[in-house]
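Participant:
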Ligand code: ATR
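In the working numbering, the protein residues as written are 38 to 317.
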């Protein structure tokens, strides 16, 4: 029997904006678990010491967020296949005293689409906008689901190439000017860039060339309805916001630390939305 209360954390720099404590706090209350989920602001200089100190307690594990996900990947003793493919760790836990790392972003992305847009794999052709860490997770999810033709489109072609080279056949790299042609047979379009976020530049893409059966998904969740998703809805396409992925990616960590697989409920979604609307 583990010592009670069970304690988990989210570690980033800065960390005040993280909504993860709202999500895990909701599940802890819902399941009547005596435990906590705490924010830890740890600078890049202190991060390695923070991770090495974890074996002394008091935490059963935690989430790792910006800017530490890639460093965490290098520091853990063992990784799951998703973290290995993505090269970043967002969830850590102990197994037989060993510090293990996983990446739940790909799971969260696919689980959310499964719940709100079943059949989202469409014709197996996906176009991914952006080539950063978030794009790596999305491409991993798409490959796991055996999508045949994954096009990574990025402002900087060299970054798209580095990303496509990480993965097996079926992932290609393109510049933004190739988009009109690529969209004509794309049944899943995903924005993984920060464009469309509140206060930043909007993502302006002509969606008229997408097939009528296409799904458009954005990982940005503030605002919930980004200009890209608004355009998709106006065109009568299925639009999937980024909040669902945020909620679903939290499920595997909670299950590992607290021993219960939690559910993403509409009540949880409303609570996190209200928190987002309050701002920082
Ligand atoms: P993350 O790890 O969160 O995905 P990132 O590594 O900073 O973040 O990647 C951000 C992505 O958004 C990149 O693909 C970036 O394009 P570049 O590789 O060309 O930098 C893309 N991006 C950000 N701002 C952009 C803009 N104004 N126009 C086009 N692409 C942009």
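Cβ atoms here follow ideal geometry from the backbone N, Cα and C, with glycine treated the same way.
1) If you drop the 5 nearest sequence neighbours on each side, which residues of the same chain put their C-beta closer than 6 Å to that of residue 313?
2) Helix, strand or coil, according to DSSP, for residue 120 in the structure here?
3) Taking 7 Å as the cut-off, is the C-beta of residue 252 nearer than that to any heavy atom in ligand 1?
4) Take the Cβ of residue 130 as the centre, count every other Cβ of all protein chains shown within 10 Å, and call the residue buried at 16 or more, exposed below.
5) Residue 101 bridges to which residues according to DSSP?
6) Could you give the residue range of the beta strand (DSSP E) that holds residue 131?
7) Measuring only from the beta carbon, is residue 279 closer than 7 Å to any heavy atom that is part of ligand 1?
8) Is residue 28 near ligand 1 - that is, is its Cβ less than 7 Å away from at least one heavy atom of it?
9) Have a look at the DSSP bridge pairing and note the partners of residue 135.
10) For residue 190, count the other beta carbons within 10 Å of its own beta carbon; 16 or more makes it buried, fewer makes it exposed. Which is it?
11) When you measure from the CB of residue 140 to every non-hydrogen atom of ligand 2, does any distance come out below 7 Å?
12) Just curious, the alpha helix (DSSP H) that residue 304 is in, first and last residue?
13) Considering only C-alpha positions, which residue in the set 109, 213, 134 and 315 is nearest to residue 92?
14) Using DSSP with H/G/I as helix, E/B as strand and the rest coil, what is residue 237?
15) Name the residue from 99, 271, 163 and 112 whose alpha carbon lies nearest to the alpha carbon of residue 141.
16) Which stretch, first to last residue, makes up the alpha helix (DSSP H) that contains residue 36?
17) Quick one: measure Cβ to Cβ for residue 97 and residue 136, integer angstroms, because I've assumed they're closer than 8 Å.
Facilitator: Looking at the atomic coordinates:
1) Within the chain shown, residue 313 is the residue found at index 276, counting from 1. For residue 313, where only same-chain residues beyond five positions count, the Cβ hits under 6 Å are 259.
2) Here residue 120 refers to the residue found at position 83 when the chain shown is read from its first residue. If DSSP states are grouped into helix, strand and coil, residue 120 belongs with the helices.
3) Your numbering for residue 252 matches position 215 in the chain shown. No, the beta carbon of residue 252 sits no closer than 7 Å to any heavy atom of ligand 1.
4) For the purposes of this step, residue 130 is identified with residue 93 of the chain shown, where counting begins at 1. It counts as buried.
5) Counting from one through the chain shown, the residue named residue 101 turns up at place 64. Beta-bridge pairing links residue 101 to 48.
6) For this step, residue 131 is matched to residue 94 along the chain shown. Here the beta strand (DSSP E) through residue 131 covers 128-132.
7) Counted from its first residue, the chain shown places residue 279 at position 242. Checking every heavy atom of ligand 1 against the Cβ of residue 279, none is found closer than 7 Å.
8) No information on residue 28 is available, as it lies outside the stretch 38 to 317 that the chain covers here.
9) Residue mapping note: residue 135 aligns to position 98 of the chain shown, counting from 1. 132, per the DSSP bridge assignment.
10) Here the question's residue 190 lines up with position 153 in the chain shown. Buried is the label assigned to residue 190, since at least 16 other Cβ atoms lie within 10 Å of its Cβ.
11) Absence of ligand 2 from the depicted structure is noted, with ligand 1 being the only ligands included.
12) Residue mapping note: residue 304 aligns to position 267 of the chain shown, counting from 1. Note, residue 304: alpha helix (DSSP H), 303-315.
13) Taking the chain shown and counting its residues from 1, the one referred to as residue 92 is at position 55. Ranking the options by Cα distance to residue 92, first place goes to 134.
14) As a first step, residue 237 is located in the chain shown; it is residue number 200 there, counting from the start. Coil, per DSSP.
15) For the purposes of this step, residue 141 is taken as the residue at position 104 of the chain shown. When each option's Cα is compared against that of residue 141, the closest is 99.
16) In the structure as shown, the chain begins at 38 and stops at 317. Residue 36 is therefore absent and cannot be evaluated.
17) For the purposes of this step, residue 97 is taken as residue 60 along the chain shown, with counting starting at 1. For the purposes of this step, residue 136 is taken as residue 99 along the chain shown, with counting starting at 1. With 8 Å as the limit, residue 97 and residue 136 do not qualify as a contact, their Cβ atoms being about 11 Å apart.
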